[in-house]
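Student: Under our numbering, the first residue of the sequence shown carries the number 576, and numbering increases by one thereafter.
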Amino acid sequence: MTEPQTIDDLVRRSVAARADNPALADAPNRADILGGEPRRLTWSEVDAEINAMAGALAARDVGPGTPVAIQLPNVVELPLLILACFRLGAVAVPFPVQHRNHELHHGVETAEFRLMITADRPDRPDQIDRVRSSLADYGVDVVDVADLTTGDNPDAAPRQGNASSVASICWTSGTTGMPKGVPRTHAQWMASSSFQVQELGISSDDQILCPFPVVNMAGIGGMLVPWAEAGAFMAMHHPLDLQVFLGQLQNEKISYTVVPPAALNMLLGNEPLLDSLDLSSIRAIASGSAPLDPWMVEGWQKRNIEIINVFGSNEGAALLSTMASVPDPTERARYFPVPEREGVEVRLVDLDTGAVITETDHTGELRFRGITVFDGYVGSTGEEFDEDGYYRTGDIFQYTGDEQPPRLLQFVDRAKDIIIRGGMNISAAEVEALVSGHPGIVECAAIGYPDHDLGEKLGIFAVAAPDATPTLEEVTAIMREHEVASYKLPERLEIIESLPRNPVGKVVKPELRELWSKS
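So this is what it looks like as structure tokens:
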């Protein structure tokens, strides 16, 4: 077979090599997530399902370059539908299930899709009618995913697209408020995947458990594409039902998965529970989106499970700290090796002077350029890149260690105003714009505060109008009126006389975080 050019080529290669091997499975609680019995598919059955879905999409005039919106929970139909889009050369536009009208309206205005695939589900039995009504003015055809998987669907047209074709548009929370569309090509996804497959040693022998929604870098770049490339087995999990998740780890004999830091901390702190589980099949667990505790990395290593420290973004920035590259668990929790792979360049830039940093202990913005990095947000004018074409991550790092040139990077802070709640990014600017709609609030600031289980939760500091006494319940009610995703709702509100500001008028959020850290 010729060198793969698209993600569909990776799938076809695995089908040819692994036709009768187990490929994909639902979680045992599928009935609670979408309805129906859990499904298990071999690679040949995966191929047949993709063909049937692609045929049904083609019958609806989907072809190369057509954007197709998808909103499904983490069941087998989600990766299959994304792969069906890839087979046709169409553009998959997946949305988290938490997204409501607020995000969907912005999404259709940005990605300009005219077809959306979704499904009624136990927690939202009128989902199809709701979305159909919401998007009616945009001329969007809303289709039940069951209509693509039942009936006599024709086979898909011959595969379309090439390495430089846009494969997907995912969504990232930006500092300007509304989510930004992140287009990524097949080549960019495959470059990110091959990096992980090589660094993490993923192979056809692996049993992967996917607990992250297959809608962004973690789910697509960290799970779906490496699975297709390696020809491994992947079990789906809709996050996060801990009892179901732990059962899958044992029953599916999982060898590799991804778990948020807070959950790893909680599990390690419950020795009776851990001792009751057979986790002997697990060789590695990736974690990230929040700083890792050294004791946690060391604790899992004592149980013969490698914790891999991951930093990444939808845009294609990626750092991995493995036991091979950083053997000491305490260092692995804090540091990332500077990438040394062909086609990827990394540098730190002083945000005050614009100078490129080469010394240790001098903080600067992390910037990426190369084969994993996207080409720019939908509709942007290029401000996300510097004059040399490096993507500005908005994250502050520093070089560390005694080696010259420095080999290790350490995360310091987020320059972007983002709160990460349970792995989901929340734009502070978006929340602040909505909260400011409360008639009793003069101004406000959204910040993240530490939480043992979720890493961070969202809180609001607000200045009240004269004689007004705004409440958290009123604030969340206003946000619900805008049909905002539930994970963006604040869980704490504090009224203060004024917001602290620096000499140029910018709110000094570290001072606000300090107020809560003392309380």
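We treat Cβ as the ideally placed atom computed from N, Cα and C, and that holds for glycine.
1. How many Å lie between Ala930 and Val948 at the Cα?
2. Could you spell out the range, first to last residue, of the beta strand (DSSP E) harbouring Glu1048?
3. Whole angstroms are fine: how far does the CA of Glu873 sit from the CA of Pro904?
4. Three or more C-beta pairs closer than 8 angstroms, one from the region 873-889 and one from the region 788-802: is that the case here?
5. Rounded to the nearest angstrom, how far is the Cβ of Glu1066 from that of Pro1075, given a contact under 8 angstroms?
6. Identify, in the order they occur along the chain, each residue of the same chain with its Cβ nearer than 6 angstroms to the Cβ of Ile777, setting aside the five sequence neighbours on each side.
7. The ligand MG and Glu652: does any heavy atom of the ligand fall closer than 8 angstroms to the residue's C-beta?
8. Can you check the region 757-782 for any alpha helix (DSSP H) of at least 4 residues that lies completely inside it and give the ranges in chain order?
9. Going by CA-CA distance only, name the one from Gly969, Arg982, Arg858, Asp927 that's closest to Glu915.
10. Distance check for Phe670 and Gln1132, CA to CA, integer angstroms please.
11. Asp997: which of Trp875, Ala623, Ala838, Gly638 sits nearest, CA to CA?
12. Among the candidates Met809, Asn826, Ala1039, whose CA atom is the shortest distance from the CA of Thr617?
13. Take Val790 and list the residues in its own chain whose beta-carbon comes closer than 6 angstroms to its own, dropping the five residues that flank it on each side.
14. Considering only C-alpha positions, which residue in the set Thr832, Val772, Ala629 is nearest to Thr725?
15. Might you give, ordered along the chain, the residues of its own chain that have their beta carbon closer than 6 angstroms to the beta carbon of Gln771, omitting 5 neighbours on each side?
16. With DSSP collapsed to three states, give me the class of Thr725.
17. Please work out which residues of its chain come closer than 8 angstroms, Cβ to Cβ, to Thr832, disregarding the five sequence neighbours upstream and downstream, and give them in chain order.
18. Can the beta-carbon of Ala1037 be found closer than 9 angstroms to that of Ala1020?
19. Taking 8 angstroms as the threshold, find out whether the region 689-699 comes into contact with the region 646-659 through three or more Cβ pairs.
20. Taking the alpha-carbon positions, what's the Asn889 to Thr968 distance?
21. If the criterion is Cβ atoms closer than 9 angstroms, does the pair Pro866 and Phe986 meet it?
22. Within its chain, find whatever has a CB closer than 6 angstroms to the CB of Arg614; leave out the 5 residues flanking it on each side and keep chain order.
23. Just to confirm my understanding: we take His1057, look at its own chain, exclude 5 residues before and 5 after, and list those with CB closer than 7 angstroms. What are they?
24. Name the one or two DSSP bridge partners that Ala807 has.
25. Name the DSSP bridge partner or partners of Trp746?
26. Measuring only the C-alpha atoms, how far is Glu978 from Val913?
27. Could you tell me the alpha carbon to alpha carbon distance between Gly954 and Glu687, rounded to whole angstroms?
28. If you check the beta carbons only, do Pro754 and Ser1002 fall under 9 angstroms apart?
29. DSSP three-state call for Asp1100: helix, strand or coil?
30. For a test of the three-state rule: what should DSSP assign to Thr1044, helix, strand or coil?
31. With DSSP as the reference, identify every bridge partner of Ser1002, one or two as the case may be.
32. First and last residue of the beta strand (DSSP E) that includes Arg1067?
33. Run through DSSP, which three-state label would Ile625 get?
34. Our contact map puts Thr975 next to Thr933 with C-beta atoms below 8 angstroms; I'd like the distance itself, whole angstroms only.
35. Could you tell me the alpha carbon to alpha carbon distance between Ser768 and Asp781, rounded to whole angstroms?
36. Please list the terminal residues of the continuous beta strand (DSSP E) segment that includes Ser896.
Tutor: Once the coordinates are examined:
1. Here the question's residue 930 lines up with position 355 in the sequence shown. Here the question's residue 948 lines up with position 373 in the sequence shown. About 22 angstroms.
2. To locate residue 1048, count along the sequence shown from 1; it is residue 473. No beta strand (DSSP E) holds Glu1048; the alpha helix (DSSP H) holding it covers 1047-1056.
3. Numbered from 1 along the sequence shown, position 329 holds the residue referred to as residue 904. Numbered from 1 along the sequence shown, position 298 holds the residue referred to as residue 873. Using only the alpha carbons, I get a separation of about 5 angstroms.
4. With three or more CB-CB distances shorter than 8 angstroms, the region 873-889 counts as touching the region 788-802.
5. Position 491 of the sequence shown, counted from the first residue, corresponds to residue 1066. Position 500 of the sequence shown, counted from the first residue, corresponds to residue 1075. Not quite, the Cβ-Cβ distance comes to about 22 angstroms (not below 8 angstroms), so this is no contact.
6. As a working note, residue 777 is residue 202 in the sequence shown. Exclusion of the five residues before and after Ile777 leaves Pro801, Ala805 as the residues of its chain whose Cβ lies within less than 6 angstroms of its Cβ.
7. The ligand MG is absent from the structure shown, which contains no ligand whatsoever.
8. Within the region 757-782, complete alpha helix (DSSP H) segments of at least 4 residues are found at 761-775, given in chain order.
9. Position 340 of the sequence shown holds residue 915. Ranked by how close their Cα comes to the Cα of Glu915, the residues Gly969, Arg982, Arg858, Asp927 have Arg982 in first place.
10. Residue 1132 lies beyond the residue range present for the chain, which begins at 576 and ends at 1094; the question has no answer from this structure.
11. Taking the first residue of the sequence shown as 1, we reach residue 997 at position 422. Before going further, note that residue 997 is Gly rather than Asp in the sequence given. Here the closest residue by C-alpha is Ala838.
12. Residue mapping note: residue 617 aligns to position 42 of the sequence shown, counting from 1. Distance from the Cα of Thr617 is smallest, within the candidate group Met809, Asn826, Ala1039, for Met809.
13. Position 215 of the sequence shown, counting from 1, holds the residue named residue 790. Residues Pro669, Pro671 of the same chain have their beta carbon placed closer than 6 angstroms to that of Val790, with the five preceding and five following residues left out of the count.
14. Numbered from 1 along the sequence shown, position 150 holds the residue referred to as residue 725. If you compare the alpha carbons of Thr832, Val772, Ala629 with that of Thr725, the shortest gap goes to Ala629.
15. For the purposes of this step, residue 771 is taken as residue 196 along the sequence shown, with counting starting at 1. So the qualifying residues of the chain are Pro801.
16. Translated into the one-based positions of the sequence shown, residue 725 becomes position 150. Residue state, collapsed to three classes: coil.
17. Here residue 832 is taken as the residue at index 257 of the sequence shown, counted from 1. Counting only Cβ-Cβ distances below 8 angstroms, and skipping sequence neighbours, we find Ile783, Leu784, Cys785, Pro786, Leu824, Ile857, Ile860, Ala861.
18. Taking the sequence shown and counting its residues from 1, one reaches residue 1037 at position 462. Taking the sequence shown and counting its residues from 1, one reaches residue 1020 at position 445. Closer than 9 angstroms, so yes.
19. Verdict: yes, contact present.
20. Here residue 889 is taken as the residue at index 314 of the sequence shown, counted from 1. Here residue 968 is taken as the residue at index 393 of the sequence shown, counted from 1. Taking the straight line from one Cα to the other gives about 10 angstroms.
21. As a position in the sequence shown, residue 866 is number 291, starting the count at 1. As a position in the sequence shown, residue 986 is number 411, starting the count at 1. In contact: Pro866 and Phe986 (Cβ atoms closer than 9 angstroms).
22. Residue 614 sits at position 39 when you count from the first residue of the sequence shown. Answer for Arg614: Asp601, Val651, listed in chain order.
23. Here residue 1057 refers to the residue found at position 482 of the sequence shown. If we look at His1057 and ignore the five residues flanking it on each side, its Cβ neighbours are His677, Leu1009.
24. Position 232 of the sequence shown, counting from 1, holds the residue named residue 807. The beta-bridge partner set that DSSP reports for Ala807 is empty.
25. In the sequence shown, the residue the question calls residue 746 occupies position 171. Beta-bridge pairing links Trp746 to Gly756.
26. If you number the sequence shown from 1, residue 978 lands on position 403. If you number the sequence shown from 1, residue 913 lands on position 338. Answer to the nearest angstrom: the Cα atoms are 12 angstroms apart.
27. Against the sequence shown, residue 954 aligns to sequence position 379. Against the sequence shown, residue 687 aligns to sequence position 112. If you take the alpha carbons of Gly954 and Glu687, they lie about 11 angstroms apart.
28. Numbered from its first residue, the sequence shown carries residue 754 at position 179. Numbered from its first residue, the sequence shown carries residue 1002 at position 427. In this structure, Ser1002 lies closer than 9 angstroms to Pro754 by Cβ.
29. Past the boundaries of the shown model lies residue 1100; the chain is included only from 576 to 1094, so the question cannot be answered.
30. Residue mapping note: residue 1044 aligns to position 469 of the sequence shown, counting from 1. Here Thr1044 sits in coil by DSSP.
31. The residue labelled residue 1002 in the question sits at position 427 within the sequence shown. For Ser1002, the pairing in a beta bridge is given by DSSP as Ile993.
32. Position 492 of the sequence shown, counted from the start, is the residue given in the question as residue 1067. 1067-1070 is the span of the beta strand (DSSP E), which, as asked, contains Arg1067.
33. Working through the sequence shown from its first residue, we reach residue 625 at position 50. In the structure shown, Ile625 sits in a helix (DSSP, three-state: H, G or I).
34. Counting from 1 along the sequence shown, the entry for residue 975 is found at position 400. Counting from 1 along the sequence shown, the entry for residue 933 is found at position 358. About 13 angstroms separates the Cβ atoms of Thr975 and Thr933, ruling out a contact at the 8 angstroms cut-off.
35. Within the sequence shown, residue 768 is the residue found at index 193, counting from 1. Within the sequence shown, residue 781 is the residue found at index 206, counting from 1. Just so you know, the alpha carbons of Ser768 and Asp781 end up roughly 15 angstroms apart.
36. The residue you call residue 896 lines up with position 321 of the sequence shown. It spans 893-896 - the beta strand (DSSP E) in which Ser896 sits, taken as one unbroken run.
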